[in-house]
Amino acid sequence: MALSLPDLPYAKDALAPYISANTLDFHYGKHHKAYVDNLNKLIAGTQLENRSLEEIIQEASKDPAKAGIFNNAAQVWNHTFYWNCLTPKGGGAPKGPIAEKITAAFGSYEKFAEELKNAGVTQFGSGWAWLVLDGNDLKITKTANADTPLAHGQKALLTLDVWEHAYYLDYQNRRPDYLSSVIANLINWDFVNSNLK
Ligand code: MN
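Start counting the sequence shown at 940; every next residue gets the next number (our numbering).
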């Protein structure tokens, strides 16, 4: 069974004006789809063919000879996770269990939002900014290229894609503006809370 491209959890124009339908056409319809197609080609006929995506990521992360498989598998997982981290009319201060954890770990929502944005701004080149659970500790991290918390024993709670393809059509070189817009308007806190369970 080949891995398939999961449906977007909303319409392509649902995140506008913060992320346009044009960006989602390319980012989901071309980039994310290409990672799925490439991964299926790379694992066809190998012992990884019928494994779960998470198992493929774990296995490939330990083997430098499987870097191509790791990169495509992690990008499939990261993008599906990222779409679920966004929602129309989201963003702003969270509610529920994550709100208390954020205040305890970062002092306030405002300090958390600043630190998350800073992780995305300071990721040199392509990559991802994350909120993760590392053991019981809530941490903001960043990863380069396809790298993912799954490969580091951490539980991903929230991510923001900072590859140029995530924002260039809407914000050109203004990565900080993209991050501010998404943090203020699109974060799906219900999904983040569901990841705590
Ligand atoms: Mn991307």
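Heads up, the beta-carbon is just placed ideally off N, CA and C, and yes, glycines get one too.
Residue 1003 counts as exposed, since fewer than 16 other C-beta atoms from the protein chains shown sit within 10 angstroms of its C-beta. Here residue 974 is near residue 1011, since their CB atoms are less than 8 Å apart. Counting other Cβ atoms within 10 Å of its Cβ, residue 943 stays below 16 and is therefore classed as exposed. Spanning the alpha carbons of residue 1021 and residue 1084 requires a straight line of approximately 14 Å. Excluding residues up to 5 positions away in sequence, 999 lie with their Cβ nearer than 6 Å to the Cβ of residue 1005 in the same chain. The residues 1104, in chain order, have a CB closer than 7 Å to that of residue 970 in the same chain once the five nearest residues on each side in sequence are set aside. When C-beta atoms of the stretch 1109-1123 are compared with those of the stretch 1045-1060, three or more pairs fall below 8 Å, so the two segments count as touching. Here the alpha carbon of residue 1041 sits roughly 42 Å from the alpha carbon of residue 983.
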